[in-house]
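*Asks:* The structure follows.
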Amino acid sequence: MKEVSRLFRYVLRYWPRVLLALILMFMGTALTMLQPKIIQWTFDSVYEEGKWHLLVWMALATIGATVLQGIVNYVERITMEWVGQRTIYDLRNRIYNHLQSLSFSFYDTAQTGELMSRATADVEQLRRFVTFGVMRLVGNFVTFVFVLFTLLAMDWKLTLLSLGTMPLLGWAVAAFNTRVRPRYRLIQEEMAKLTTTLQENISGVRVVRAYAQEEREIEKFRERNWSYLEENITTVRLWAFYFPLMTFITGFGTTLILWYGGRQVILGALTLGQMIAFNSLLGRLIRPVRMLGWLVNMYSQASAAAQRVFEILDTQPEVKDKPGAIELPPIQGNVHFDNVSFAYDGVNLVLHDINIEAKQGQRIAILGGTGSGKSTLINLLPRFYDVTKGAVKIDGIDVRDVTLESLRRQIGIVLQETFLFSATIRENIAYGRLNASNEEVIAAAKAARIHDFIISLPNGYDTVVGERGVGLSGGQKQRIAIARALLLDPRILILDDSLSAVDTETEYLIQQALEELMKNRTSFVIAQRLSTVKNADQIIILDNGRIVERGTHETLLAAGGIYKEIYDLQFRKQEETNGLLEQVSTEGGDS
66 MKEVSRLFRY
76 VLRYWPRVLL
86 ALILMFMGTA
96 LTMLQPKIIQ
106 WTFDSVYEEG
116 KWHLLVWMAL
126 ATIGATVLQG
136 IVNYVERITM
146 EWVGQRTIYD
156 LRNRIYNHLQ
166 SLSFSFYDTA
176 QTGELMSRAT
186 ADVEQLRRFV
196 TFGVMRLVGN
206 FVTFVFVLFT
216 LLAMDWKLTL
226 LSLGTMPLLG
236 WAVAAFNTRV
246 RPRYRLIQEE
256 MAKLTTTLQE
266 NISGVRVVRA
276 YAQEEREIEK
286 FRERNWSYLE
296 ENITTVRLWA
306 FYFPLMTFIT
316 GFGTTLILWY
326 GGRQVILGAL
336 TLGQMIAFNS
346 LLGRLIRPVR
356 MLGWLVNMYS
366 QASAAAQRVF
376 EILDTQPEVK
386 DKPGAIELPP
396 IQGNVHFDNV
406 SFAYDGVNLV
416 LHDINIEAKQ
426 GQRIAILGGT
436 GSGKSTLINL
446 LPRFYDVTKG
456 AVKIDGIDVR
466 DVTLESLRRQ
476 IGIVLQETFL
486 FSATIRENIA
496 YGRLNASNEE
506 VIAAAKAARI
516 HDFIISLPNG
526 YDTVVGERGV
536 GLSGGQKQRI
546 AIARALLLDP
556 RILILDDSLS
566 AVDTETEYLI
576 QQALEELMKN
586 RTSFVIAQRL
596 STVKNADQII
606 ILDNGRIVER
616 GTHETLLAAG
626 GIYKEIYDLQ
636 FRKQEETNGL
646 LEQVSTEGGD
656 S
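Position 62, counted from 1, in the sequence shown is what this note's numbering calls 127; the numbers after and before it change by one each time, with no gaps.
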C-alpha cells in the first residue's frame with residue numbers, strides 16, 4: 066500500500082477531474098440498480114396485474130436508463146483516462162528528471178536495460194492501473210454496498226443466504242493475492258533482465274559479429290526469454306486454479322438463491338418480479354466480488370511496478386548542490402587540488418593525498434599506468450564525484466560551494482569515450498551552447514580541424530550522425546567532441562586521452578589547433594602522445610593513486626625515474642619517428 070499510496074499523490078493533483086469521475090461513477094451505479102427495479106415493476110404491474118398500457122413506458126424507461134448509463138460511463142472513462150495519462154506523463158517526467166540528477170556513481174553499477182524497463186514497462190503498468198483499476202476498485206466497492214442495502218431491504222433472509230458463500234470467496238481472493246503478488250515482481254525483474262540483454266546485444270552488435278559470437282548471444286537471449294516465459298506460466302497456473310474456484314463458489318451461491326427464492330415465490334412470500342429483480346441485483350453484487358480477483362491481480366502488478374519505479378526516485382544523488390550554493394563567478398582558471406583523497410565506496414581509497422597547484426593558463430599532463438587514478442583525478446574537478454578528503458578549489462573557491470551548473474558551464478571536457486547523439490553534426494557541436502551561431506559552430510569545427518570533412522558530406526553540418534556517432538571514424542568523432550568543448554570557450558579544459566583514436570596526421574592537425582586554443586586556459590590532459598606532454602608546464606606521474614613524480618619533460622628525464630621508463634617504452638619511438646619525418650620534410654624542401 067505504501068507504493069500505491071505514493072502513486073495516488075500524483076493522481077490527486079487532478080482532484081477536480083477525479084471528483085467528477087467519482088460523481089459520474091455514483092450516477093452509473095444508481096442507473097445500474099434502476100434497471101432491475103424497472104424489470105420488477107414490469108413483471109408485477111404489467112404481467113401480473115394486467116396494466117398493459119404501462120408496457121411501452123416501461124420499455125422506454127429501460128431504453129432511457131441504458132442510454133443514460135452509456136453516456137455516463139463514457140464520460141467517466143474519458144475523464145479517468147485523462148487523469149491517468151496526465152499522471153503517468155508527470156511520473157515519466159519525474160523519473161527522467163531524477164535520472165538526469167543522479168551521480169556518476171549510480172550509473173557505474175546501473176544497467177541501461179534495467180532502467181529502460183522501469184521507465185517504460187513498469188510505468189505503463191501503472192498507467193493501466195490508474196486509468197482502469199482505481200475506478201473499478203472504488204466503483205465495485207460502492208456498487209457492492211448500494212446493492213447489498215437494496216437487497217436487504219427487499220428480503221433480508223434471502224440476502225443473508227446469498228452472503229453465505231462470501232467468506233469462502235473472500236478467502237480465495239486473499240489467497241490468490243498473497244501468492245500472485247510476488248510472482249509479478251519476479252516477472253518484471255525477468256523482463257528487465259531480458260531488456261538489458263537485448264539492449265547490450267544491439268549496442269554491441271559489431272563486437273558480436275566481429276568475434277562470431279552470434280550463436281552464443283542467441284542462446285543467452287533464449288535463456289533469458291525462457292526464464293521470463295516460466296515466470297509467466299507459473300503465474301498463469303495460479304490464475305487457472307483460483308479463477309475457476311471463484312466461479313464455482315459464486316455459482317454455488319446462485320444455486321442456493323434459485324432454490325430458496327423459488328420456494329418463496331411458490332409460497333407467495335415473494336412476487337415473480339421481486340425474484341427476478343433480486344436475482345438480477347444479486348448478479349450485480351457477485352460481479353464486484355468475482356472481479357475483485359482480477360482487480361487484485363492488476364493491483365499486484367501495479368504494486369510491484371510502483372516499488373521498482375519508486376526505488377529509482379528514492380535514490381539520492383551523491384553529488385548535488387548543497388544548501389546555499391552560490392553561482393561560480395567567471396573564473397580565471399587557477400586550480401588547486403588540496404590534499405585530496407578519494408574512495409568510490411567511501412572506504413577504500415583510490416587517490417591518496419593529492420596536491421596539485423595549476424595556475425591560470427598552465428597545462429598539466431597526467432600520466433600513469435592503467436588503474437593509477439588518472440581519470441578519477443580529473444573527474445573530481447567538474448564534481449562528477451566528490452572528494453572523500455581534502456578539497457578541489459578553483460580561484461580559491463571550493464567546488465562544493467558552487468552550483469553544479471555554474472561549475473560545469475565553465476569547464477570544457479572531452480572524455481575518453483566519445484559520445485555523439487543521434488542528431489545533426491551542428492547540434493552535436495552546439496550541444497553545450499544551444500544558442501551558438503552558425504559562425505561560432507563553424508569556427509569551433511575549424512579549430513578542431515574537422516570543418517573540411519564536414520563540408521565534404523552531402524548535407525554538411527546538417528548531416529545526421531548515426532546512434533553514438535556510428536558512421537564516423539574514431540578520430541572524426543573525437544574532433545567533433547573537441548569542437549563541442551571548444552565552443553564553450555572554457556577557462557578550464559579537460560582532455561581525457563582525447564588524441565588516442567587519431568592517426569599521426571590528424572593528431573598533428575588537432576595539436577596545431579590546441580596549441581593556440583590552450584593559451585590562457587588551464588588544461589588538464591591525460592595523454593599517450595609525446596607531443597601532448599612535452600610542452601606541459603607540469604607533468605604529474607600517478608602510481609596506485611599517489612603522485613610519485615612531477616616536473617617538466619626535461620627535469621623528469623634527467624631524474625631517470627618512472628617518467629624516464631614511460632618515455633623509453635612509449636615516447637622515444639614517437640620522437641624518433643617525428644624527427645625522421647621532419648628531416649625528410651626539410652630535405653624535400655631543400656631539394
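Note that the Cβ used here is the ideal one computed from N, Cα and C, for glycine as well.
Using the beta-carbon count (16 or more within 10 Å), is residue 353 buried or exposed?
*Replies:* Looking up residue 353 in the sequence shown gives position 288. Buried: at least 16 other Cβ atoms inside 10 Å.
*Asks:* Determine the contact status of residue 393 and residue 467, defining contact as a CB-CB distance below 8 Å.
*Replies:* The residue you call residue 393 lines up with position 328 of the sequence shown. The residue you call residue 467 lines up with position 402 of the sequence shown. Yes, they are a contact pair.
*Asks:* Where residue 552 and residue 449 are concerned, what is the direct C-alpha to C-alpha distance, given to the nearest angstrom?
*Replies:* What you label residue 552 is simply residue 487 of the sequence shown in a count that begins at 1. What you label residue 449 is simply residue 384 of the sequence shown in a count that begins at 1. Near 21 Å, if we compare the C-alpha coordinates of residue 449 and residue 552.
*Asks:* Tell me which residue opens and which closes the beta strand (DSSP E) that residue 216 is part of.
*Replies:* Here residue 216 refers to the residue found at position 151 of the sequence shown. Residue 216 -> not in any beta strand (DSSP E); alpha helix (DSSP H) instead, spanning 199 to 219.
*Asks:* Go ahead and label residue 97 buried or exposed: buried means 16 or more other beta carbons lie within 10 angstroms of its beta carbon, across all protein chains shown.
*Replies:* The residue given as residue 97 occupies position 32 in the sequence shown. Flag for residue 97 reads buried.
*Asks:* Would residue 412 be called buried (16 or more neighbouring beta carbons within 10 Å of its own) or exposed?
*Replies:* The residue labelled residue 412 in the question sits at position 347 within the sequence shown. Residue 412 should be labelled exposed.
*Asks:* Assuming the contact rule is C-beta atoms closer than 8 Å, residue 264 and residue 178 should be a hit. Round their C-beta distance to whole Å, please.
*Replies:* Start at 1 with the first residue of the sequence shown, and residue 264 comes out as number 199. Start at 1 with the first residue of the sequence shown, and residue 178 comes out as number 113. The pair is a contact, with the Cβ atoms about 4 Å apart (cut-off 8 Å).
*Asks:* Per the contact definition of three or more C-beta pairs closer than 8 Å, is the region 376 to 387 in contact with the region 168 to 175?
*Replies:* Contact holds: three or more Cβ-Cβ distances are below 8 Å.
*Asks:* In terms of alpha-carbon separation, which member of 611, 142 and 185 lies closest to residue 158?
*Replies:* Within the sequence shown, numbered from 1, the residue matching residue 158 stands at position 93. Checked all of 611, 142 and 185; the closest Cα to residue 158 is 185.
*Asks:* What's the C-alpha gap between residue 434 and residue 509?
*Replies:* As a first step, residue 434 is located in the sequence shown; it is residue number 369 there, counting from the start. As a first step, residue 509 is located in the sequence shown; it is residue number 444 there, counting from the start. Spanning the two alpha carbons is a distance of roughly 32 Å.
*Asks:* Just the C-alpha distance for residue 24 and residue 469, rounded to the nearest angstrom, thanks.
*Replies:* In the structure as shown, the chain starts at 66 and stops at 656, and residue 24 therefore has no counterpart that could be examined.
*Asks:* Apart from the five residues just before and just after residue 226, which ones in its own chain have a Cβ nearer than 8 Å to its Cβ?
*Replies:* One-based indexing of the sequence shown puts residue 226 at position 161. Counting only Cβ-Cβ distances below 8 Å, and skipping sequence neighbours, we find 321, 322 and 325.
*Asks:* Taking the straight line between their C-alpha atoms, what separation do you get for residue 74 and residue 153?
*Replies:* What you label residue 74 is simply residue 9 of the sequence shown in a count that begins at 1. What you label residue 153 is simply residue 88 of the sequence shown in a count that begins at 1. Their backbone Cα atoms lie some 12 Å apart in a straight line.
*Asks:* Is it buried or exposed, residue 148, if we count other Cβ atoms within 10 angstroms and call 16 or more buried?
*Replies:* Start at 1 with the first residue of the sequence shown, and residue 148 comes out as number 83. It counts as buried.
*Asks:* Can you list, in chain order, the stretches of the beta strand (DSSP E) that have 3 or more residues and sit fully within the region 124 to 195?
*Replies:* Listed in chain order, nothing qualifies, since the region 124 to 195 has no complete beta strand (DSSP E) run of 3 or more residues.
*Asks:* For residue 391, which residues in the same chain have their Cβ closer than 6 Å to its Cβ, ignoring the five residues on either side in sequence?
*Replies:* Walking along the sequence shown from the start, residue 391 turns up at place 326. 467.
*Asks:* Taking 8 Å as the threshold, find out whether the region 414 to 434 comes into contact with the region 365 to 376 through three or more Cβ pairs.
*Replies:* Taking 8 Å as the limit for Cβ pairs, the verdict is that the region 365 to 376 does not touch the region 414 to 434.
*Asks:* Give the secondary structure of residue 478 by DSSP, where H, G and I count as helix, E and B as strand, and everything else as coil.
*Replies:* Locating residue 478 in the sequence shown gives position 413, counting from the first residue. DSSP places residue 478 in strand when its eight states are reduced to three.
*Asks:* Write down the C-beta distance between residue 515 and residue 541 rounded to the nearest angstrom, noting that I regard them as a contact closer than 8 Å.
*Replies:* Residue numbering aside, residue 515 sits at position 450 when the sequence shown is read from its first letter. Residue numbering aside, residue 541 sits at position 476 when the sequence shown is read from its first letter. That pair is a contact at about 7 Å.
*Asks:* By alpha-carbon positions, which one of 396, 238 and 260 ends up nearest to residue 359?
*Replies:* Taking the first residue of the sequence shown as 1, we reach residue 359 at position 294. Among 396, 238 and 260, the Cα nearest to that of residue 359 is on 238.
*Asks:* Mind listing, in chain order, the continuous beta strand (DSSP E) runs of no fewer than 3 residues lying wholly within the region 409 to 462?
*Replies:* Listed in chain order, they are 416 to 423, 428 to 433 and 454 to 459.
*Asks:* Cα separation between residue 61 and residue 85?
*Replies:* In the structure as shown, the chain starts at 66 and stops at 656, and residue 61 therefore has no counterpart that could be examined.
*Asks:* Using alpha carbons as the reference points, say which of 100, 609, 295 and 133 lies closest to residue 417.
*Replies:* For the purposes of this step, residue 417 is taken as residue 352 along the sequence shown, with counting starting at 1. The candidate whose alpha carbon is nearest that of residue 417 is 609.
*Asks:* Ignore the nearest five residues each way along the sequence and tell me which others in residue 422's own chain have a CB closer than 6 Å to its CB.
*Replies:* Taking the sequence shown and counting its residues from 1, one reaches residue 422 at position 357. If we look at residue 422 and ignore the five residues flanking it on each side, its Cβ neighbours are 401.
*Asks:* Could you check the C-alpha separation between residue 181 and residue 156 for me, to the nearest Å?
*Replies:* For the purposes of this step, residue 181 is taken as the residue at position 116 of the sequence shown. For the purposes of this step, residue 156 is taken as the residue at position 91 of the sequence shown. Taking the straight line from one Cα to the other gives about 14 Å.
*Asks:* Am I right that residue 216 and residue 346 are in contact with their C-beta atoms under 8 Å? What's the rounded C-beta distance?
*Replies:* Working through the sequence shown from its first residue, we reach residue 216 at position 151. Working through the sequence shown from its first residue, we reach residue 346 at position 281. Contact flag correct, Cβ pair sits at about 6 Å.
*Asks:* To the nearest angstrom, how far is it from the Cα of residue 556 to the Cα of residue 459?
*Replies:* For the purposes of this step, residue 556 is taken as residue 491 along the sequence shown, with counting starting at 1. For the purposes of this step, residue 459 is taken as residue 394 along the sequence shown, with counting starting at 1. Taking the straight line joining both Cα atoms gives about 11 Å.
*Asks:* Let's see if you can read the secondary structure: which residues bound the alpha helix (DSSP H) around residue 69?
*Replies:* Numbered from its first residue, the sequence shown carries residue 69 at position 4. Per DSSP, residue 69 belongs to the alpha helix (DSSP H) from 67 to 76.
*Asks:* Specify, as a first and last residue, the run of the alpha helix (DSSP H) that residue 518 falls within.
*Replies:* Counting from one through the sequence shown, the residue named residue 518 turns up at place 453. Looking at the DSSP string, the run of the alpha helix (DSSP H) that includes residue 518 is 516 to 521.
*Asks:* Quick one: what does DSSP say residue 404 is sitting in, helix, strand or coil?
*Replies:* Taking the sequence shown and counting its residues from 1, one reaches residue 404 at position 339. Strand, per DSSP.
*Asks:* Which residue marks the beginning of the beta strand (DSSP E) containing residue 557, and which one marks its end?
*Replies:* For the purposes of this step, residue 557 is taken as residue 492 along the sequence shown, with counting starting at 1. From DSSP, the beta strand (DSSP E) with residue 557 extends over 557 to 561.
*Asks:* Taking the continuous alpha helix (DSSP H) assigned at residue 613, which residues delimit it?
*Replies:* The residue you call residue 613 lines up with position 548 of the sequence shown. Counting along the chain, residue 613 falls outside any alpha helix (DSSP H), though it belongs to the beta strand (DSSP E) covering 611 to 616.
*Asks:* What residues are listed by DSSP as bridge partners for residue 604?
*Replies:* Residue mapping note: residue 604 aligns to position 539 of the sequence shown, counting from 1. Answer is 430 and 616, bridged to residue 604.
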